[in-house]
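In terms of the numbering used here, the sequence shown opens at residue 6 and continues consecutively. Glycine is no exception: its CB is placed at the ideal position from the N, C-alpha and C atoms.
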Amino acid sequence: MDFSAVPDETPVLVGVGQCVDRVGAPAYQGWSAVEMAVEASRAAMADSGAADRIGAEIDWIATTRTFDDSARHLKLPFGRSNNFPRSICRRLGIRPATATWEDAGGNTPQSLLAEACERVASGEFRAALLTGAEAIATARHLVKTGGQADWSEELDEAVEDRQGQQIQGILSIHSYRHGLLAAPPLYGLCENARRGRAGADRAAWRAEMATWFAPFSACAAANPYAFAENPAYTPAEIAQVTAENRLIADPYPRLVVAQDRVNQGAAVLVTRVDVARRLGVAAEQCVFLHGYAAAKEKVVEHRADPSAYPAAVAATRLALERAGIGLDDLAAFDFYSCFPIAVSSVAEGLGLAADDPRGLTATGGLPYFGGPGNNYSMHAIASVVGRLRADPGSAGFVGANGGFLSKYAVGILSTRPAPFRAWDSAALQAEIDAVESPPFTETPSGRATIETYTLMYGRDGSPEQAVILGRLADDVRFLATAKEDESATLAQMAKEEPLGAAVVVETGEDGNRFRLA
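Here's what the structure looks like:
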């Protein structure tokens with residue numbers, strides 16, 4: 006690439022870094038999340054080829070949010086920094102004028118990359134460091150072994166704390182009251198709706214999900230940054246329910262569920278072409294953001310079709326259109342993969358098959374590579390960048406999902422330079438918001454049918470709770486739950502097909518309860 010032909014203000018990715026700290030491995034360090042992010046950031050600075058000079062150029066640091074600091078029920082017992090970005094800066098020896106602490110959401114790494122490119126291109130910043138990490142595996146290891154750690158840190162330095170800005174609107178209080186807080190049951194509702202639309206029974210759908218995810222496990226098995234040295238699983242191994250591959254929430258056995266007990270960090274460096282040129286960054290290191298878009302769905306119970314993810318498909322098509330790059334021209338993909346539907350609903354909406362020879366992941370996916378909280382797609386960006394550098398002139402896709410098929414941010418990257426343009430997704434969001442929701446009631450009563458459902462299982466393999474999205478006789482939708490005191494309903498749902506089954510629902514002080522009619 007000839008730098009002289011690229012406008013000075015063009016934003017460019019010049020460095021990416023990843024790290025892993027495997028509990029029990031010979032090189033295990035027991036790093037905190039801050040220290041993991043520092044290691045990944047140092048790797049990104051070294052990757053730029055200007056490690057001794059680029060730190061002075063960084064005038065914005067933006068970090069994803071750890072699970073520990075995302076919600077009260079996720080807090081770990083070893084303390085935390087009150088200023089995650091500035092704690093990283095102190096250890097790196099950099100003093101950016103602006104520090105941003107992003108809100109929770111798996112979409113945020115790609116959203117931050119788009120924001121960094123916009124702000125660098127506008128001249129607001131010379132260089133931006135995007136980073137994040139999780140140390141959940143070490144925290145769980147310490148709890149299990151009785152170990153001690155003190156990760157608390159108090160800093161009195163300026164930070165833009167965005168907590169609460171991204172998470173709004175992805176989960177309703179009503180759904181929370183009915184047991185829909187964790188990801189498996191929420192995704193399970195959507196996945197079973199997808200199974201019902203396909204007309205597949207449970208065994209056939211487990212085989213279908215395994216078809217999508219077996220290639221992911223093979224990719225992870227070859228990835229040195231994977232959270233553990235896991236094998237490449239066969240479709241049969243992924244689909245077969247066993248004591249080791251127990252059901253978590255119908256239809257998901259453990260091997261298709263994101264693994265969050267990991268120690269992983271990743272970072273990305275963005276700067277201007279003129280800065281890269283001045284620092285002597287090699288042309289083959291440079292990757293450009295050609296197009297991007299983002300969109301948000303309604304909460305699950307108000308979606309027209311809970312089996313689909315139209316916001317993600319539309320955002321991807323728009324990003325490709327903006328980049329002027331066709332789907333067939335992409336050499337690398339990374340679809341966010343916390344659960345199979347996060348991949349299949351988007352890929353099939355675009356016309357991609359599970360066995361696409363290019364592969365649908367550059368990391369190996371969240372169940373096999375690892376799911377480091379909100380920072381997974383930072384690893385995806387770093388991995389796609391690595392593949393593009395190895396294939397000069399190529400283009401790649403990163404699809405980052407947040408919430409419960411709630412928010413999708415797309416980036417189209419290439420080693421080919423291109424003029425940068427700041428894009429707005431407001432018009433696309435207006436189209437999605439305009440889609441009419443089915444009628445819904447929070448106080449249902451009477452006979453109804455199950456539109457979709459999930460069963461949550463205990464460690465002993467028995468169902469402990471069911472949640473349904475149902476339809477009353479007048480087609481009004483509702484949420485309801487059956488708990489352990491409805492053992493006959495739970496047992497019957499575990500053995501027989503719940504989709505379309507008749508139920509009786511009533512509203513009480515603890516929410517809506519149902520039983521099979």
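For a cut-off of 8 Å, the C-beta gap from V403 to A423 is around 17 Å, too long to register as a contact. Around the CB of Q290, 16 or more other CB atoms lie within 10 Å, so the residue is classed as buried. If you ignore the 5 residues before and after P444, its C-beta comes within less than 6 Å of the C-beta of V481, all in its own chain and listed in chain order.
Taking a contact as a CB-CB distance under 8 Å, the pair T420 and S399 counts as one, their CB atoms being some 6 Å apart. In this structure, the CA atom of K500 is about 49 Å from the CA atom of R327.
Each of K412, L191, E511, A487 was checked against the Cα of D438, and the nearest Cα belongs to K412. The Cβ neighbour count for T486, taken over all protein chains shown within 10 Å, is at least 16; the residue is labelled buried. Note on G151: under 16 other CB atoms within 10 angstroms of its CB, so exposed under the neighbour-count rule. Put simply, of F409, A435, A507 the residue whose alpha carbon is nearest the alpha carbon of P311 is F409. With contacts defined by Cβ atoms closer than 8 Å, A49 and A272 form a contacting pair. Assigned with DSSP and collapsed to three states, P236 falls in coil, not helix or strand. Residue burial annotation: G416 is buried, with at least 16 other C-beta atoms found within 10 angstroms of its C-beta.
Counting along the chain, G296 sits inside the beta strand (DSSP E) bounded by residues 293-301. Bridge pairing for N406: Y413 [DSSP]. Taking each of D108, Q470, E162 in turn and checking the Cα distance to R182, the smallest one comes out for Q470.
Here V19 really is in contact with V286; their C-beta atoms are around 5 Å apart, less than 8 Å. Look at R394 here: in three-state DSSP terms it is helix. The alpha helix (DSSP H) runs of length 4 or more contained entirely in the region 98-173 are, from start to end of the chain, 113-126, 141-150.
Taking a contact as a CB-CB distance under 8 Å, the pair N517 and V510 counts as one, their CB atoms being some 6 Å apart. By the CB criterion at 8 Å, L260 and Y230 fall outside the cutoff. When beta bridges are read from the DSSP output, P258 appears opposite L252.
For C343, the secondary structure class from DSSP, reduced to helix, strand or coil, is coil. DSSP lists R277 as the beta-bridge partner residues of P16.
Within the same chain, Cβ atoms closer than 6 Å to the Cβ of G354 are found at V318, the five residues on either side in sequence being excluded. When R251, T454, L484 are compared, the shortest CA-CA separation from L521 is found for T454. In this structure, the straight-line span from the alpha carbon of L325 to that of P372 is close to 27 Å.
As the crow flies, the alpha-carbon of T15 is around 8 Å from that of V125. A45 and G22 have their C-alpha atoms roughly 5 Å apart. Under the DSSP assignment, W65 falls in the beta strand (DSSP E) whose first and last residues are 63-68.
The region 89-96 and the region 52-72 touch, with no fewer than 3 CB-CB distances between them shorter than 8 Å. Within a 10 Å sphere around the beta-carbon of V351 sit 16 or more other beta-carbons, which makes this residue buried. Annotated as proximal: D255 and L460, with beta-carbon spacing under 8 Å. In summary, S9 is exposed, with fewer than 16 beta-carbon neighbours lying within 10 Å of its beta-carbon over all protein chains present. Nearest in C-alpha terms to G463, of all of L474, P362, I253, is I253. In the displayed model, V510 falls within a strand according to three-state DSSP. In the three-state scheme derived from DSSP, where H, G and I count as helix and E and B as strand, S177 is classed as coil.
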